[in-house]
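Participant:
Numbering (my numbering), first residue to last: 243 to 410.
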């Protein structure tokens, strides 16, 4: 997202408005990952660490989008964030309801600092996700068109049912 927002900032993209909706896992609730590697058990300290990382990312995104409106580069800019209780397993971007980018989060074991102590955890590595593009062609029945349609339907179903407002 940062690259696209930077293109708006330097004038390479000139949308009238920007609307970003984000669904993220609720790190206040236990889930399969992140977890302790030794026994795959939930740990509030691990979730708190993940929550801090998520908060940083969400605040950076929200601030970057709002700054474009503050600078007068777009007429309106909004960011809405909701959480759900499913584990973070993949990344999905839907652009202008017409294109999609999808990538699985690899789950890895690594050691991190939790409450000031090293701890081996299983974690989903979002930055390591390889994104696959789905760009529909003029053919209505293309697989890409069906994927984008279903990805939008999935997102909207999550957004409208089990997701709730993100409390930053």
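Idealized CB from N, CA, C, for every residue including glycine.
Closer than 8 Å by C-beta to residue 293: which residues in its own chain qualify, once you throw out the five before and the five after it? Chain order, please.
Facilitator: Taking the chain shown and counting its residues from 1, the one referred to as residue 293 is at position 51. Excluding positions up to five away in sequence, the list reads 269 and 270.
Participant: Distance, Cα to Cα, residue 263 vs residue 369?
Facilitator: Sequence index remark: in the chain shown, residue 263 carries index 21 (1-based). Sequence index remark: in the chain shown, residue 369 carries index 127 (1-based). For residue 263 and residue 369, the distance between alpha carbons rounds to 19 Å.
Participant: Quick one: what's got a C-beta closer than 6 Å to residue 259's C-beta in the same chain, skipping five residues either side?
Facilitator: Residue numbering aside, residue 259 sits at position 17 when the chain shown is read from its first letter. Same-chain partners within the cutoff: 316, 317 and 318.
Participant: Do you know offhand how far residue 389's Cα is from residue 338's?
Facilitator: Looking up residue 389 in the chain shown gives position 147. Looking up residue 338 in the chain shown gives position 96. So the two alpha carbons sit approximately 14 Å from each other.
Participant: Assuming residue 406 and residue 324 make a contact with CB atoms under 8 Å, what is their CB distance in whole Å?
Facilitator: Counted from its first residue, the chain shown places residue 406 at position 164. Counted from its first residue, the chain shown places residue 324 at position 82. Their Cβ separation, rounded to whole angstroms, is 6 Å, which keeps residue 406 and residue 324 in contact under 8 Å.
Participant: In whole angstroms, what is the alpha-carbon distance linking residue 246 and residue 365?
Facilitator: Position 4 of the chain shown, counted from the start, is the residue given in the question as residue 246. Position 123 of the chain shown, counted from the start, is the residue given in the question as residue 365. Each residue's alpha carbon lies about 27 Å from the other.
Participant: Is there contact between the segment 302-315 and the segment 327-345, where contact requires at least three CB pairs shorter than 8 Å?
Facilitator: No, the segment 302-315 is not in contact with the segment 327-345.
Participant: Going by C-alpha to C-alpha distance, which of 347, 351, 336 and 321 sits closest to residue 376?
Facilitator: For the purposes of this step, residue 376 is taken as the residue at position 134 of the chain shown. Ranking the options by Cα distance to residue 376, first place goes to 336.
Participant: Any chance you could list the beta strand (DSSP E) runs of at least 3 consecutive residues sitting entirely within the segment 374-399, in chain order?
Facilitator: Those beta strand (DSSP E) runs which fall completely within the segment 374-399 and span 3+ residues are 374-376.
Participant: Looking at residue 350 and residue 363, is the spacing between their C-beta atoms short of 7 Å?
Facilitator: The residue labelled residue 363 in the question sits at position 121 within the chain shown. The residue labelled residue 350 in the question sits at position 108 within the chain shown. No.
Participant: Taking the alpha helix (DSSP H) that residue 309 falls in, what are its first and last residues?
Facilitator: Residue mapping note: residue 309 aligns to position 67 of the chain shown, counting from 1. It spans 286-312 - the alpha helix (DSSP H) in which residue 309 sits, taken as one unbroken run.
Participant: So, is the C-beta of residue 282 closer than 7 Å to a C-beta in chain D?
Facilitator: In the structure shown, chain D cannot be found, because there is only a single protein chain.
Participant: When you compare only the Cα positions, how much space is there between residue 373 and residue 331?
Facilitator: To locate residue 373, count along the chain shown from 1; it is residue 131. To locate residue 331, count along the chain shown from 1; it is residue 89. Approximately 13 Å, taken between the alpha carbons.
Participant: To the nearest angstrom, how far is the alpha carbon of residue 379 from that of residue 334?
Facilitator: As a working note, residue 379 is residue 137 in the chain shown. As a working note, residue 334 is residue 92 in the chain shown. Distance between the alpha carbons of residue 379 and residue 334: 20 Å.
Participant: Would residue 348 and residue 361 be called neighbours here (beta carbons separated by less than 7 Å)?
Facilitator: For the purposes of this step, residue 348 is taken as the residue at position 106 of the chain shown. For the purposes of this step, residue 361 is taken as the residue at position 119 of the chain shown. No, these two residues do not count as a Cβ contact at 7 Å.
Participant: So, under 8 Å CB-CB, residue 278 and residue 266 are touching, yes? Tell me the CB distance rounded to an integer number of Å.
Facilitator: Taking the first residue of the chain shown as position 1, residue 278 is located at position 36. Taking the first residue of the chain shown as position 1, residue 266 is located at position 24. 22 Å between Cβ atoms; not a contact.
Participant: Check this for me: beta carbons of residue 329 and residue 243, under 7 Å apart or not?
Facilitator: Within the chain shown, the letter at position 87 stands for residue 329. Within the chain shown, the letter at position 1 stands for residue 243. No, these two residues do not count as a Cβ contact at 7 Å.
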